[in-house]
Structure formats: C-alpha cells, structure tokens
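Novice:
Numbering (the numbering used here), first residue to last: 19 to 351.
(1) Taking the runs of the alpha helix (DSSP H) that are 4 residues or longer, which of them lie wholly in the segment 163-242?
(2) Could you tell me which of 220, 196, 262 and 230 sits nearest to residue 296, measuring between CA atoms?
(3) Is residue 256 near residue 219, with beta carbons less than 8 Å apart?
(4) What would DSSP say about residue 324, mapped onto helix, strand or coil?
(5) Between which two residues does the alpha helix (DSSP H) harbouring residue 251 extend?
(6) Does the separation of the CB atoms of residue 328 and residue 215 fall below 8 Å?
(7) With 16 as the cutoff for other CB atoms within 10 Å, does residue 230 come out buried or exposed?
(8) Any chance the segment 302-312 sits against the segment 272-287, with 3 or more Cβ pairs inside 8 Å?
(9) Quick one: what does DSSP say residue 104 is sitting in, helix, strand or coil?
(10) Can you list, in chain order, the residues of its chain whose CB lies under 7 Å from that of residue 128, leaving out five sequence neighbours each side?
(11) Residues in the same chain with beta-carbon distance under 6 Å from residue 242, minus the five sequence neighbours each way, listed in chain order, please.
(12) Could you spell out where the alpha helix (DSSP H) holding residue 141 opens and where it closes?
(13) How about residue 14 and residue 143: do their beta carbons lie closer than 8 Å?
(14) Within 10 angstroms of the Cβ of residue 268, are there 16 or more other Cβ atoms? Answer buried if so, exposed if not.
(15) Note down, in chain order, each residue of its chain lying with its Cβ closer than 6 Å to the Cβ of residue 346, except the 5 sequence neighbours on either side.
(16) Can residue 182 and residue 223 be called in contact, C-beta distance under 8 Å?
(17) Nearest to residue 349 by alpha carbon, out of 319, 283, 337 and 292?
(18) Around the C-beta of residue 120, are 16 or more other C-beta atoms found within 10 angstroms, so that it is buried, or is it exposed?
(19) Should residue 239 go down as buried or exposed, given a rule of 16 or more other Cβ atoms within 10 Å for buried?
(20) Assuming the contact rule is C-beta atoms closer than 8 Å, residue 126 and residue 165 should be a hit. Round their C-beta distance to whole Å, please.
(21) In this structure, does DSSP put residue 133 in helix, strand or coil?
(22) Could you pull out every residue in the same chain whose Cβ sits closer than 6 Å to the Cβ of residue 294, ignoring the five residues on either side in sequence?
(23) Need the endpoints of the alpha helix (DSSP H) that residue 286 sits in, please.
(24) Measure the CB-CB distance between residue 132 and residue 168 and report whether it falls below 8 Å.
(25) How many Å lie between residue 245 and residue 311 at the Cα?
(26) Please report how far the alpha carbon of residue 277 lies from the alpha carbon of residue 147, in whole angstroms.
(27) Suppose contacts are defined by Cβ-Cβ distances below 8 Å. Is residue 270 in contact with residue 341 by that definition?
(28) In the DSSP assignment, find the alpha helix (DSSP H) that holds residue 299 and state where it starts and stops.
(29) CA-CA distance, residue 213 and residue 191?
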C-alpha cells in the first residue's frame, strides 16, 4: 500500500539527498509541547521473505498491533486505547479487509472523522477515490503530512532524528512510510523525477534495512536519470546480483558508461543466466501481461515482468542497448 505536507527535496545530484521533515506546529504558528518521554523500543531486524501461505500482511500487522497493546503496562494501555488515532487505525484494518471499494472508502472516511492523523485512511482515499494524477498527488501529500504528524504524536517530537535507521521496524512509522512511497511513485509518474528519487533515498536513510524493498525501485530510477555514481553506490551497498533488478541494472550501467566492453558483456551474461526471461519481454518477443504480478520468485517470468515494467524505458532510450541485449541473449541462451 502506499503516502502529505509536501517535503522540500534536495537535488538528487548533490550526493545523498535528504528530505527535511517539517516541525509539528499549532495553527497559530507556535511549537507544540513535547510529549512525555516514552520508553525507547528496539527496532526489528529486516525479516526474511514470508511464505505465501501465511496470512496477508494487513492481517499480520493487525495482529502485531494488538499484541503490542497487550504488552503495554495497564496505565499506558488505557491511554493508548483512548487515543483517537488508535481507534482510527483499527477501523482501517477492517477497511482493508472489505471486499468492495464503496465499503473501504466509507470506513476510511469514518476513520478520518475520528482522527485526521490516520495516514492509512488518506492513503486509501488517494488510491481509490482520487480522480486523476493531480488529485491523487494532493491526497498523497496530505497522507504524508498526516503520517509525519502521527509519528511525532506517538513517538515524540524528535522521532525523525532519534529513530533514524529504525523506521518500519517501529509499527507506528509504517503508515508514514507507505504514504511517502506512494507519493514518490506518483511524483515519478508526473515527471517530478528528482523529487521522487529524493524521497526514495531519504526513506532508505530512515530504514536502511529496507523492509519495503525500495532499493529495487530506486536503482533503475537512478540509472534512468544517468546518476551513475549514485547507482553504483546503491548496487554496491546492498549487493544482490541474483535479483533481476540488480543484475540487469549493473550490466546496463556498465554499458551506458563504456559501451559493450568485456566487463559489460560479462555482467549481462550473468544477468541473463539468473533470469533468462527478461530479454524476450524487453525485446517485445513476448507481451507483458495485463495485470502486474503480486509477487515473484527469483529467476521467474513474474520477476522478469516486474523488471521490464520498471526499467524498460531506460533500455529503449539507451542507444544500441536493445541490439546489444539481443545479440548477447542469442549467444547465451
């Protein structure tokens, strides 16, 4: 799922972009009082991929939220249950499980009637009620703003500094992260690509474990913008050559920097061996499916489809790249 005050974004060409977050202030401009100190919680480590027969992510998150509340001390439990934001989020868990758009939208609006800090509700409305990309962007910006304020409300005014590196591991940060990821996708679609990339890079700063898999979104986007150094840094930081996003991005990066050198050829051959389905989709020999695969296995057709959807534009806009791919694939497969 996917993200509103609009963040001020640095130019992605200036090293590691950092998107500042606004301070929480009252309507009259004065700074809100700092909440009472809370016990710092340990961040979760990056989980392994979940088996497909486990409950949906939403159901698991709902279970985690209920478990977290059950572990609170009695005095804090009453305070948590009385918080309108918690009540609104409980409604959103029900909304996600509804079978119809009408029911989901109605529950999202009900949740916002209880707390306008419920970023998940704004996000659902952006995805299911917004008409056109401009309206969707405005709704997502509102979702990000609500999520940011909610993080400060629950974790403290300095949460974005004190919890840097732990986001997503802390349950209360997830609505904000979902909203911001969706906003970045929307910005990219609208052509505000430097701004979109700045969001993705800053989210990796907040959550370097990258539970959301944003690195796989970001790597081909950096390459598309010809940010070669940033692309190389990201590929080297996570080192996942078995993934199509990594292998083919690495090969295309080397080609864009120096042409069909022996180093680029070796990288492309390795990528093709890891996922031999990519060339046929990139070259138009196979048609992409009408629906985006919900998940994939390494080396599968579904992984190839997802890679081509994210990176096809970069291949087709790189002079000679598809010819190089075709010749290499014929000699490899």
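We put the CB at the ideal spot given by N, CA and C, even for glycine.
Specialist: The relevant details are as follows:
(1) Here the runs fully enclosed are 177-180, 192-208, 211-224 and 232-242.
(2) Here residue 296 corresponds to residue number 278 of the chain shown, with the count starting at 1. Per the Cα distances, 262.
(3) The residue given as residue 256 occupies position 238 in the chain shown. The residue given as residue 219 occupies position 201 in the chain shown. Against a cut-off of 8 Å, the Cβ pair of residue 219 and residue 256 comes out as no contact.
(4) Numbered from 1 along the chain shown, position 306 holds the residue referred to as residue 324. DSSP places residue 324 in the helix class (H, G or I) of the three-state scheme.
(5) What you label residue 251 is simply residue 233 of the chain shown in a count that begins at 1. Following the DSSP letters along the chain, one finds residue 251 inside the alpha helix (DSSP H) bounded by residues 246-256.
(6) Your numbering for residue 328 matches position 310 in the chain shown. Your numbering for residue 215 matches position 197 in the chain shown. Cβ atoms of residue 328 and residue 215: not closer than 8 Å.
(7) Translated into positions along the chain shown, residue 230 becomes position 212. Result: buried.
(8) Contact between the segment 302-312 and the segment 272-287 is absent, with fewer than three C-beta pairs closer than 8 Å.
(9) Residue 104 sits at position 86 when you count from the first residue of the chain shown. Helix.
(10) Here residue 128 refers to the residue found at position 110 of the chain shown. The answer, listed in chain order, is 109.
(11) Against the chain shown, residue 242 aligns to sequence position 224. Taken in chain order, the residues that qualify are 332.
(12) Along the chain shown, read from residue 1 onward, the residue named residue 141 stands at position 123. DSSP places residue 141 in the uninterrupted alpha helix (DSSP H) bounded by 137-146.
(13) The displayed coordinates of the chain run from 19 to 351. Any statement about residue 14 would go beyond what the structure contains.
(14) Here residue 268 refers to the residue found at position 250 of the chain shown. Its Cβ being crowded by 16 or more others within 10 Å, residue 268 is buried.
(15) In the chain shown, the residue the question calls residue 346 occupies position 328. Cβ neighbours of residue 346 beyond the five flanking positions: 286.
(16) Along the chain shown, read from residue 1 onward, the residue named residue 182 stands at position 164. Along the chain shown, read from residue 1 onward, the residue named residue 223 stands at position 205. In this structure, residue 223 lies closer than 8 Å to residue 182 by Cβ.
(17) Looking up residue 349 in the chain shown gives position 331. Closest in C-alpha terms to residue 349, from the list 319, 283, 337 and 292, comes 283.
(18) On the chain shown, position 102 is the one that residue 120 refers to. Residue environment for residue 120: exposed (fewer than 16 other C-beta atoms within 10 angstroms of its C-beta).
(19) Working through the chain shown from its first residue, we reach residue 239 at position 221. Its Cβ being crowded by 16 or more others within 10 Å, residue 239 is buried.
(20) As a working mapping, residue 126 is identified with position 108 in the chain shown. As a working mapping, residue 165 is identified with position 147 in the chain shown. Not really, about 14 Å apart at Cβ, beyond 8 Å.
(21) Taking the first residue of the chain shown as position 1, residue 133 is located at position 115. DSSP places residue 133 in coil when its eight states are reduced to three.
(22) Taking the chain shown and counting its residues from 1, one reaches residue 294 at position 276. Apart from sequence neighbours up to five positions away, the residues of its chain that approach residue 294 with a beta-carbon distance below 6 Å are 351, ordered along the chain.
(23) Within the chain shown, the letter at position 268 stands for residue 286. Counting along the chain, the alpha helix (DSSP H) containing residue 286 begins and ends at 280-292.
(24) As a working mapping, residue 132 is identified with position 114 in the chain shown. As a working mapping, residue 168 is identified with position 150 in the chain shown. Not a contact, by the Cβ cut-off of 8 Å.
(25) Start at 1 with the first residue of the chain shown, and residue 245 comes out as number 227. Start at 1 with the first residue of the chain shown, and residue 311 comes out as number 293. So the alpha carbons of these two residues sit roughly 28 Å apart.
(26) Numbered from its first residue, the chain shown carries residue 277 at position 259. Numbered from its first residue, the chain shown carries residue 147 at position 129. Taking the CA atoms as reference points, residue 277 sits about 46 Å from residue 147.
(27) Within the chain shown, residue 270 is the residue found at index 252, counting from 1. Within the chain shown, residue 341 is the residue found at index 323, counting from 1. Cβ distance not < 8 Å, so residue 270 and residue 341 don't count as in contact.
(28) Stepping through the chain shown from its first residue, residue 299 is reached at position 281. For residue 299, the enclosing alpha helix (DSSP H) starts and ends at 296-300.
(29) Residue 213 sits at position 195 when you count from the first residue of the chain shown. Residue 191 sits at position 173 when you count from the first residue of the chain shown. The alpha-carbon atoms of residue 213 and residue 191 are separated by roughly 21 Å.
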